[in-house]
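I have placed the structure first, in the form of structure tokens, so that the comments after it can refer back to it.
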Amino acid sequence: SFEGRVEVYHDGKWGTICDDQWDDRDAEVVCRQLGLSGNPKALSWAQYGQGSGPILLDEVECSGNELSLDQCKKSEWGQQNCDHIEDAGVSCNPFTGTDLSDGVSLWSTDLSSPTLAEGTVRLAGGHSPTEGRVEVYYSGDWGTVCDDGWTDLNAQVVCRQLGFR
1 SFEGRVEVYH DGKWGTICDD QWDDRDAEVV CRQLGLSGNP KALSWAQYGQ GSGPILLDEV
61 ECSGNELSLD QCKKSEWGQQ NCDHIEDAGV SCNPFTGTDL SDGVSLWSTD LSSPTLAEGT
121 VRLAGGHSPT EGRVEVYYSG DWGTVCDDGW TDLNAQVVCR QLGFR
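First residue of the sequence shown: 1, per UniProt numbering; consecutive thereafter.
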């Protein structure tokens, strides 16, 4: 999945980000931090559901060129004036150009996608967002891919489809 509520890990706990000042430049940094190269889109008002636990960041204002959220202008950790109805989300799906997921020190995702294009691929069952069983969306369902004749070249195509370099 390439979309979800953004969560960050700080000081031993996971928490959400408030959507005050949240925009596509912030989403661009999140996508970059996760190694995704789709078209970044910021989503507000708990578009991917309300989180629980602490709201760790607020007033995030990235220029869009940073390598991680940590380099962006933002409130101090834990300093916020928000409720979980304002949890920030991100989408950077390389297939539709507008739609996101889970990373090293970042996040929880909802796998529900409102509209998926035929032939959309995803990785399932891996230990990280960068590995797993290849699945393809077709006729309203996800299915697996047979490995007969599967080569590194096929894997490279899937990786590029998923936005990995």
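Note that CB positions come from ideal geometry on N, CA and C, so glycine has one too.
Where residue i and residue j are concerned, what is the direct C-alpha to C-alpha distance, given to the nearest angstrom?
i, j, result
"W77", "A46", "20 angstroms"
"G143", "G125", "13 angstroms"
"T130", "L123", "8 angstroms"
"L69", "G4", "16 angstroms"
"G12", "G49", "23 angstroms"
"G119", "S44", "28 angstroms"
"residue 168", "S91", "In the structure as shown, the chain starts at 1 and stops at 165, and residue 168 therefore has no counterpart that could be examined."
"residue 166", "R25", "This structure cannot speak to residue 166, because the chain is shown only from 1 to 165."
With a Cβ-Cβ cutoff of 7 angstroms, do residue i and residue j count as a contact?
i, j, result
"E30", "V6", "Per the sequence presented here, residue 30 reads as Val, with Glu not at that position. Yes; because the gap between Cβ atoms is below 7 angstroms, this pair is in contact."
"N37", "G163", "First, the amino acid is wrong: residue 37 is Ser here, not Asn. Closer than 7 angstroms, so yes."
"G15", "P54", "yes"
"V158", "V136", "no"
"G51", "H84", "yes"
"E86", "D19", "yes"
So does residue i have its beta carbon nearer than 6 angstroms to some heavy atom of the ligand SAM?
i, result
"A27", "With respect to the ligand SAM, the structure offers nothing, as it holds no ligand at all."
Could you tell me which residues DSSP puts in a beta bridge with residue i?
i, result
"Y9", "W14"
Problem - Uninterrupted alpha helix (DSSP H) stretches inside the UniProt domain "SRCR" (121-165) (no shorter than 4 residues) - result: Counting only runs that start and end inside the UniProt domain "SRCR" (121-165), the alpha helix (DSSP H) elements of at least 4 residues fall at 152-161.
Handout entry: Every unbroken alpha helix (DSSP H) inside the UniProt domain "SRCR" (1-93) [4 residues or more]
Key = 24-33
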